[in-house]
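Undergrad: Chains as they are written, first to last, in the numbering used here: chain A, 8 to 191; chain B, 1478 to 1645.
Even glycine gets a Cβ: it sits at the ideal position worked out from N, Cα and C.
1) Counting only runs that start and end within the stretch 87-146 of chain A, where is the beta strand (DSSP E) found for 3 or more residues in a row?
2) Would you kindly check if the distance between the Cβ of residue 151(A) and the Cβ of residue 13(A) is under 7 Å?
3) Decide if residue 1568(B) is buried, meaning its Cβ has at least 16 other Cβ atoms within 10 Å, or exposed.
4) Once you ignore the five residues that flank residue 11(A) on each side, which residues in its own chain have a CB closer than 6 Å to its CB?
5) Going by DSSP, what residue range makes up the beta strand (DSSP E) through residue 46(A)?
6) According to DSSP, is residue 190(A) helix, strand or coil?
7) Between residue 102(A) and residue 75(A), which are expected to be in contact by the criterion C-beta below 8 Å, what is the C-beta distance as a whole number of angstroms?
8) Closer than 7 Å by beta-carbon distance: list the chain B residues that pair up with residue 88(A), in chain order.
9) Can you give me the Cβ contacts of residue 1645(B) inside the same chain, cut-off strictly under 8 Å, excluding the 5 residues immediately before and after it?
10) So does the stretch 1533-1553 of chain B actually touch the stretch 57-67 of chain A, counting three or more Cβ pairs closer than 8 Å?
11) Please classify residue 1629(B) as buried or exposed, where buried requires at least 16 other C-beta atoms within 10 Å of its C-beta.
12) Going by CA-CA distance only, name the one from 1619(B), 1532(B), 1492(B) and 1522(B) that's closest to residue 1515(B).
13) Which residues, in chain order, does the stretch 10-28 of chain A contribute to contact with chain B at a C-beta distance below 8 Å?
14) Determine, using beta carbons only, whether residue 1493(B) comes closer than 7 Å to chain A.
15) Determine, for residue 1527(B), whether the minimum Cβ-Cβ distance to residues of chain A falls below 7 Å.
16) Using only CA atoms, which one of 20(A), 167(A), 136(A) and 98(A) lies nearest to residue 115(A)?
17) At a Cβ cut of 7 Å, what residues of the stretch 1559-1586 of chain B count as close to chain A, listed as they run along the chain?
18) Taking the runs of the beta strand (DSSP E) that are 3 residues or longer, which of them lie wholly in the stretch 1530-1577 of chain B?
19) Report yes or no: is there a C-beta of chain A within less than 7 Å of the C-beta of residue 1552(B)?
20) Provide the residue(s) that pair with residue 72(A) in DSSP beta bridges, ordered along the chain.
21) Would you say residue 1527(B) and residue 58(A) are within 7 Å of each other, going by their C-beta atoms?
22) Give me the residue from 1590(B), 1596(B), 1599(B) and 1578(B) with the minimum Cα distance to residue 1641(B).
23) For residue 1497(B), which of helix, strand or coil comes out of DSSP?
24) Rounded to a whole number of angstroms, what is the C-alpha to C-alpha distance between residue 18(A) and residue 164(A)?
25) Is residue 1572(B) near residue 1545(B), with beta carbons less than 7 Å apart?
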């Protein structure tokens, strides 16, 4: 399975939740599969999805699911200790780990080589860390929501991208409708 | 006047409920003051761009946020300021230790100090420079201005403002 197939499968679970989605093709795929006002699409700033989601989770009670990538987590590794030491039980970080920088031409990342992001999350102090196969992502994500515990999911999937248009929605519109969805 | 307390008081009075910090020697007192306040959720960051992500998320969650950091961080955060904070029109007070100014003992700090105001100007970020202790009286108005216009706003606080580094 590639990322877009994983996103298609979990879209019904994401639908009712606050979602912060990683820059580039992941956001384009989610936007094309099931655009929702509860989705915050990052149009720039690689690496900060997990931080934005944590800030959001810490100040309000609704569950927050961050869809991140292995390359993006690698570029902001300081996020893992911050997540571990500022526990928000409404926070789920779903790292779609396809071992490549998908938005820039599928160059390999170190997560596809010797480096284990699940191992790094555990070493950072994150307590509920689950590595799963792509096909199990939906079940693992539902379990995490039911558990009501801060969870880091590392979903191992294949490299590859679906072809979807660039998001042309204005960033202020994305932000405004997302904030309205947070409030309701 | 205790400027650490005054800064924390002004943040609380303006509804700032989450503050992220990356330390600097000059900022030790205000960081400790913020950490001690029940009204403020204090999240230390490992890097300033990560901190700006936390602030963006908190604001979208309905809680005003602010970052406290050193001016060297302007070099770290230019992309985040342009593509997250400015692009999505998020308000972000930045209380910045302005190293490399008068009374600075470390030469390397001057290397970023000489670029700091130019970089902020290039980014069209409203910038205020606190040099005398009394300048802190403007902080309340600066915070109100920041949340009125939904922009990042820089408050540079130099060594003279903080009382220097002791006898040199």
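TA: Short version:
1) 98-104 and 136-140
2) no
3) buried
4) 36 and 169
5) 46-48
6) helix
7) About 5 Å separates the two Cβ atoms, so the contact holds.
8) 1523
9) In this predicted model, residue 1645(B) has a pLDDT of only 46, less than 50, meaning its place in the structure is not dependable; the value taken from the coordinates is given anyway. Counting only Cβ-Cβ distances below 8 Å, and skipping sequence neighbours, we find 1580 and 1582.
10) yes
11) Buried.
12) Looking at the Cα atoms, 1492(B) is the closest of the given residues.
13) 27
14) no
15) yes
16) Nearest option by C-alpha distance: 167(A).
17) 1560, 1561, 1564, 1565 and 1566
18) 1541-1547 and 1569-1574
19) no
20) 26(A) and 99(A)
21) yes
22) 1578(B)
23) strand
24) Going from the Cα of residue 18(A) to the Cα of residue 164(A) covers about 16 Å.
25) yes
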